[in-house]
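Student: First the structure, which I've put down as structure tokens, then a few questions once you've had a look.
In my numbering, the protein residues as written are 72 to 518.
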């Protein structure tokens, strides 16, 4: 019976958690990433649907964009280094005005922005509570990001400037269904799976204001997560064993961006400040509930990992010389991870990002962009708190939140049980650190 229950739980746990989208982690096309992802004030084409949809209406004509992004990463763990899955991603975008006449002429512009890993549309991975992993990076680039949207030019005056309002819809599909398991002819567990994909939509909204050489933007990206919900109904050895699993995956936090820029014909400078509300995300783990015979309701116990809200600061600039444009950017984002004294090893650190980019205007209508970026993950050390049983050999320790318990309490006639013993990989301490090198190339075609 115990073996059947364990097999059922393990088979279902492989349909679990992850985070966000590729642009959250590696930025958009090279003309934006090359200046440190500072685009909320100055973007005017399809990438606005992610950074600030209000800027889309202030652009002109039909514009196609497409590009390739690559990354190489190394993240420190006690055993070895981890890397981010999917070294290559591709993206495409289009923006164009609707052909209205009269008052609406050149006032409504629509677009589509999409980025996806090459190997899959979505890939998710679960972690045990004691495993060392980096939720900021792990799985965040492993889904298709698809954002259609539109923008309306609310005001257009040579004296008082221009104002654009816009909205984009961050769309994906969640997984929901049931698994029915029963003993087959050979007494092994056989299963029937009933699953369906349900749409998930989050809103990106923003306002953009332009007057003379000054550009301003304010945008909001709604928190986005894909629900994975499975109910397993199992009948084994004449006993019903039902399991309910829930996970919120591919998560991006609520994000508010304030942006300002100053641009001339030869140079430009932009500052973006982002507030990332990570505290609304409950847990990166899978929640399991079950009703067992003679036991009743049973829920898996998960560590409490209250993530912290963060403020990201980005500064980028560009310089135009003939047919070439040169870009650079820097950024800083503090760690969202709390102190890890107990069973959990959710790792993160302060992040410092450095970007360089360049563009070549081949013709008046076609430009090629390229960029390189390196993000340094500063090391933060977490030291574990422990509970021992020194007072009375053989005493069973009382579990407390935020501390590790001796997994093999002392036995008087067994010297191998002396001292504190644990299988937690973060004991006695664990330190975060690493680096992510990325880059890309993109092309822009204007009507």
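Glycine included, C-beta positions come from ideal geometry on N, C-alpha and C.
Say whether the segment 224-237 touches the segment 195-207, bearing in mind that this needs 3 or more beta-carbon pairs closer than 8 Å, one atom from each stretch.
Tutor: No, the segment 224-237 is not in contact with the segment 195-207.
Student: How many Å lie between residue 465 and residue 296 at the Cα?
Tutor: At residue 465 the pLDDT is 49, less than 50, meaning the model places this residue with poor confidence; the figure from the coordinates comes in the next sentence. Approximately 46 Å, taken between the alpha carbons.
Student: Can you grab the Cα-Cα spacing for the pair residue 345 / residue 119, in whole Å?
Tutor: The alpha-carbon of residue 345 is positioned some 15 Å away from that of residue 119.
Student: Is residue 170 buried or exposed, if buried means 16 or more other CB atoms sit within 10 Å of its CB?
Tutor: exposed
Student: Less than 6 Å between C-beta atoms, sequence neighbours within five positions excluded: which residues of the same chain meet that for residue 173?
Tutor: none
Student: Which runs of the alpha helix (DSSP H) fall wholly inside the segment 138-164 and span at least 4 residues, in chain order?
Tutor: none
Student: Just to confirm my understanding: we take residue 107, look at its own chain, exclude 5 residues before and 5 after, and list those with CB closer than 7 Å. What are they?
Tutor: 385, 386, 387, 400, 401, 402, 424 and 426
Student: Grouping DSSP H, G and I as helix and E and B as strand, with all else coil, what is residue 491?
Tutor: coil
Student: With 16 other CB atoms within 10 Å as the buried threshold, where does residue 518 fall?
Tutor: Flag for residue 518 reads exposed.
Student: Quick check on this structure: which residue in 93, 113 and 96 has the alpha carbon closest to the alpha carbon of residue 102?
Tutor: 113
Student: On the DSSP bridge assignment, give the partners of residue 220 in chain order.
Tutor: Residue pairing by DSSP puts residue 220 in a beta bridge opposite 182 and 239.
Student: Go to residue 509, then tell me how far its beta strand (DSSP E) extends in each direction, as first and last residue.
Tutor: Element bounds for residue 509: 505-517.
Student: Please name the residue, chosen from 513, 262 and 393, that lies closest to residue 305 on a Cα-to-Cα basis.
Tutor: For residue 305, the closest alpha carbon among the candidates 513, 262 and 393 is that of 262.
Student: Leaving out five residues before and five after residue 489 in sequence, what residues of the same chain have Cβ atoms less than 8 Å from its Cβ?
Tutor: 481
Student: Output yes or no for whether 8 Å exceeds the beta carbon distance between residue 142 and residue 97.
Tutor: yes
Student: Classify residue 126 as helix, strand or coil using the three-state DSSP reduction.
Tutor: helix
Student: When you compare only the Cα positions, how much space is there between residue 456 and residue 419?
Tutor: 19 Å
Student: Could you tell me if residue 433 is buried or exposed, where buried requires 16 or more neighbouring beta carbons within 10 angstroms of its beta carbon?
Tutor: exposed
Student: Measure the alpha-carbon distance for residue 231 versus residue 413 and round it to whole angstroms.
Tutor: 57 Å
Student: Applying the 10 Å Cβ sphere with the 16-neighbour rule, what's the burial state of residue 349?
Tutor: Residue environment: residue 349 is assigned as buried (16 or more neighbouring CB atoms within 10 Å of its CB, all protein chains considered).
Student: Pick out whichever of 379, 431 and 380 has its Cα sitting closest to the Cα of residue 392.
Tutor: With distances taken between Cα atoms, residue 392 lies closest to 431.
Student: Does DSSP classify residue 89 as helix, strand or coil?
Tutor: Model confidence at residue 89 stands at a pLDDT of 36, short of 50, so the residue's coordinates are unreliable; what they give is reported in the following sentence. Coil.
Student: Residue range of the alpha helix (DSSP H) that residue 103 falls in?
Tutor: 101-104
Student: Would you mind sorting residue 463 into buried or exposed? The rule is 16 or more other CB atoms within 10 Å of its CB.
Tutor: Because the pLDDT at residue 463 is just 47, under 50, the model does not fix this residue reliably, and the value given afterwards should be weighed accordingly. Taking all protein chains in view, the Cβ of residue 463 is surrounded by fewer than 16 other Cβ atoms within 10 Å, so the residue is classified as exposed.
Student: Could you give the residue range of the beta strand (DSSP E) that holds residue 389?
Tutor: 381-392
Student: For my contact list, residue 144 and residue 505 are in at a C-beta cut-off of 8 Å; report their separation, rounded to the angstrom.
Tutor: 7 Å
Student: Beta carbon of residue 497, beta carbon of residue 416: below 8 Å?
Tutor: Contact: yes.
Student: Residues in its own chain within less than 6 Å of residue 502 by CB, not counting five upstream and five downstream?
Tutor: 450 and 452
Student: Would you report the Cα separation of residue 448 and residue 421, rounded to the nearest angstrom?
Tutor: 6 Å
Student: Have a look at the DSSP bridge pairing and note the partners of residue 339.
Tutor: For residue 339, which the question treats as bridged, DSSP gives the partners 334 and 389.
Student: Are residue 211 and residue 243 closer than 8 Å when you measure CB to CB?
Tutor: no
Student: Would a C-beta distance cut-off of 8 Å place residue 116 and residue 130 closer than the cut-off?
Tutor: yes
Student: Is the shortest distance between the beta-carbon of residue 401 and the beta-carbons of chain C less than 8 Å?
Tutor: Among the protein chains of the structure shown there is no chain C, as only one such chain exists.
Student: Can you give me the C-alpha to C-alpha distance between residue 208 and residue 127, rounded to a whole angstrom?
Tutor: 29 Å
Student: Using the beta-carbon count (16 or more within 10 Å), is residue 513 buried or exposed?
Tutor: By the 10 Å Cβ count, residue 513 comes out buried.
Student: Using CA atoms only, rank isn't needed, just tell me which of 100, 390, 398 and 508 is closest to residue 444.
Tutor: Shortest Cα-Cα distance from residue 444 to any of 100, 390, 398 and 508 involves 508.
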